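> In the working numbering, the protein residues as written are 68 to 407. For every residue, glycine included, the Cβ atom is placed at its ideal position computed from N, Cα and C. Please read all numbers here as calculations on a predicted model, not as lab measurements. Before I ask anything, let me first share the structure, which is written out below as structure tokens.
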């Protein structure tokens with residue numbers, strides 16, 4: 068399905084392209100009946116005025132799109148997306164391409180943004196993030212014929228090209244590291260449960276705990292915010308079987324968890340060890356500095372953008388597997404005080 072053009076409307080209505088142009092621009096030269104038919108067909112095809120010039124010239128828009136189904140505040144709070152955008156811009160700048168970013172309330176709203184951008188000729192392709200277990204965006208983008216690259220694991224991206232890494236191996240490495248330090252009760256403060264990468268991490272965490280014979284391995288799901296991370300940490304610390312180590316799905320929640328631990332008079336790492344997924348300056352400047360699962364997020368964005376530009380240029384590209392996150396031990400993890 069290509070972008071609707073004036074030629075498509077003219078063929079459907081059975082008039083010349085000039086007549087369609089007169090009708091769409093409110094100019095004289097066509098009857099009111101013809102004008103009404105043209106406007107009706109244009110609406111049915113999803114045509115938008117800004118698509119006209121580009122459709123006639125065959126020019127690219129010079130922009131790619133990315134829509135986030137998250138509150139706008141997430142952009143200012145979570146370093147992951149700023150690093151991802153910086154990597155995308157690294158690939159786009161030499162090609163004089165721009166990145167259009169918009170927030171959406173949910174996946175349905177996100178789909179409508181992609182439909183509108185594509186119909187209006189605003190973008191030449193899209194980078195899709197945060198793949199859902201049952202992702203409704205995939206069949207829509209496939210039907211539109213829009214060049215798209217998915218950042219995230221499979222399943223969920225259908226026939227779309229994806230850039231992904233092993234989400235399971237870092238979880239196993241982290242749990243094994245904590246177990247080697249003597250921790251037997253390890254908890255995880257996870258992200259949104261409907262995301263593919265969360266599901267993969269959930270399963271890997273349960274498998275690692277079972278394999279190592281650990282006593283307690285609770286997982287609490289949150290929305291990735293510091294507030295929810297703090298709330299989950301209080302709940303875990305207040306439980307009768309308090310964990311001695313907690314793994315967080317992002318750095319924001321880990322920093323919030325560190326604050327809660329200090330608030331509740333727990334010494335880190337003597338009483339409680341903390342690990343963050345995704346390293347950042349934020350994780351490194353707090354005290355003690357957070358042990359983190361480090362990956363090159365800007366490189367992830369650069370790789371996705373380069374693949375998309377190749378797709379837009381008509382090249383054949385394949386899925387790309389990037390390096391998994393690597394554990395970077397710091398001051399927030401260690402053996403329990405009584406085990407030293």
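Quick check on this structure: which residue in 107, 322, 249 has the alpha carbon closest to the alpha carbon of residue 77?
Checked all of 107, 322, 249; the closest Cα to residue 77 is 107.
> Counting pairs of Cβ atoms below 8 angstroms between the stretch 308-316 and the stretch 337-351, do you hit three or more?
Verdict: yes, contact present.
> Give me the Cα-Cα distance between residue 112 and residue 71, rounded to the nearest whole angstrom.
Going by the C-alpha atoms only, they are around 6 angstroms apart.
> Check the DSSP bridge columns for residue 199 and list the partner residues they point to.
Looking at the DSSP assignment, residue 199 forms a beta bridge with 262.
> Going by Cα to Cα distance, which pick from 186, 165, 93 is closest to residue 110?
When each option's Cα is compared against that of residue 110, the closest is 186.
> Check whether the stretch 347-358 touches the stretch 274-292, counting contact only when three or more Cβ pairs, one atom from each stretch, lie closer than 8 angstroms.
The stretch 347-358, when compared against the stretch 274-292, does not touch it at the 8 angstroms Cβ threshold.
> Leaving out five residues on either side along the sequence, give the residues of the same chain with a beta carbon under 6 angstroms from the beta carbon of residue 320.
Cβ within range, chain order: 256, 296.
> How would you write the range of the alpha helix (DSSP H) that residue 244 sits in, first residue to last?
Taken as a continuous stretch (DSSP letters only), the alpha helix (DSSP H) holding residue 244 covers 235-247.
> Would you kindly work out how many angstroms separate the C-alpha atoms of residue 271 and residue 80, rounded to a whole number?
One C-alpha to the other measures close to 57 angstroms.
> Could you give the distance in angstroms between the alpha-carbon of residue 241 and the alpha-carbon of residue 332?
The alpha-carbon atoms of residue 241 and residue 332 are separated by roughly 25 angstroms.
> Looking only at DSSP bridge pairs, what is residue 344 linked to?
DSSP, once it has assigned bridges, lists 360 as partnering residue 344.
> Which residue marks the beginning of the beta strand (DSSP E) containing residue 170, and which one marks its end?
Residue 170 -> beta strand (DSSP E) spans 165-170.
> Please report the distance separating the alpha-carbon of residue 103 from that of residue 97.
For residue 103 and residue 97, the distance between alpha carbons rounds to 10 angstroms.
> If you follow the beta strand (DSSP E) that residue 205 is in, where does it begin and where does it stop?
Run containing residue 205: none in the beta strand (DSSP E); it sits in the alpha helix (DSSP H), 204-211.
> Secondary structure at residue 96, three-state DSSP: helix, strand or coil?
Residue state, collapsed to three classes: coil.
> Contact between the stretch 146-166 and the stretch 364-374 is defined here as three or more beta-carbon pairs at a separation below 8 angstroms; is this criterion met?
The stretch 146-166 vs the stretch 364-374: in contact.
> Measure from the alpha carbon of residue 275 to the alpha carbon of each residue in 291, 209, 244, 398, then state which is nearest.
Ranking 291, 209, 244, 398 by Cα distance to residue 275 puts 244 first.
> Roughly how many angstroms separate the alpha carbons of residue 337 and residue 404, rounded to a whole number?
One C-alpha to the other measures close to 5 angstroms.
> Within the same chain, show all residues whose beta-carbon is closer than 7 angstroms to that of residue 226, passing over the 5 residues directly before and after it, in chain order.
These residues qualify, in order along the chain: 209.
> Can you tell me whether residue 132 is helix, strand or coil according to DSSP?
In this structure, residue 132 counts as strand in the three-state DSSP scheme.
> Can you list, in chain order, the residues of its chain with a C-beta nearer than 6 angstroms to that of residue 89? Leave out the 5 residues immediately preceding and following it.
Closer than 6 angstroms at the Cβ level, and outside the excluded window around residue 89, lie 96, 97.
> If you drop the 5 nearest sequence neighbours on each side, which residues of the same chain put their C-beta closer than 7 angstroms to that of residue 308?
The residues are 252, 283.
> Less than 8 angstroms between the CB atoms is what I'm expecting for residue 299 and residue 289, so what's the real figure, rounded?
That pair is a contact at about 5 angstroms.
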